[in-house]
Every structure is written in C-alpha cells, then in structure tokens.
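Have a look at the structure below, then the notes.
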Amino acid sequence: MNNSKELIFRDWKFHLDVPAGHSILTNEEMISILDKDYDTIALINFQNDRVEIGSSSYCAKIAFNASTKEFFISQKEEEL
C-alpha cells in the first residue's frame, strides 16, 4: 500500500506517492527518498538555478510542471 504525501520545498509543491515504510529526508539543498532498507530511490538537488534529479532503476516516475512549480513522484513496490 502506498502513502501519498505533500511537501512544500523551495516554493515547489511535491506530490509524493511512495510505499509505506519509505523515508523522506530534507536539508537546505535537497530532498532524498529512501526505501525501507535506507537505500536512496530518488534525489532532488536544488543548486542555484539548477535542479538535478536522480533515481534508482526502480523509481517508477518523476515528473514536474514548471508553470505550477509542482513535482509528482510515484514509486510502487517491486513485483517479484
């Protein structure tokens, strides 16, 4: 089952849809999403006028809407 959360970070609204047990960490420059084993599945790094987005191979989707300043992040449980 996924948990849906909203987070405001640097004037952007993040819509996070991640499995239960995942952690969301923030500091002044970045947001990290960790799985239940504390491995990073998504990283959004804000530096100056640049945004770097990284994800592991099993992060389902990272999208953004620049006009509304919204990010949409969805990660589903892996199927075995």
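First residue of the sequence shown: 1, per UniProt numbering; consecutive thereafter.
Idealized CB from N, CA, C, for every residue including glycine.
Model, not experiment: these values are computed from the prediction.
Buried versus exposed call for residue i [16 or more other C-beta atoms within 10 Å across all chains shown]
{"i": "L16", "result": "buried"}
{"i": "residue 81", "result": "For the chain, the structure presents residues 1 to 80; residue 81 sits outside this window and is missing."}
{"i": "D11", "result": "exposed"}
{"i": "Q75", "result": "buried"}
From the options, residue whose alpha carbon lies closest to that of residue i
{"i": "Y38", "options": "S67, E28 and S23", "result": "S23"}
{"i": "F9", "options": "L25, P19 and A63", "result": "L25"}
{"i": "P19", "options": "I31, N2 and S32", "result": "N2"}
{"i": "G54", "options": "G21, S32 and K69", "result": "S32"}
{"i": "residue 84", "options": "S56, K69, D49 and E52", "result": "Here the chain has residues from 1 to 80 only, and residue 84 is not among them."}
Sub-8 angstroms separation of residue i and residue j beta-carbons
{"i": "E29", "j": "N45", "result": "yes"}
{"i": "I73", "j": "F14", "result": "yes"}
Runs of alpha helix (DSSP H) lying entirely within the segment 6 to 76, each at least 4 residues, in chain order: none
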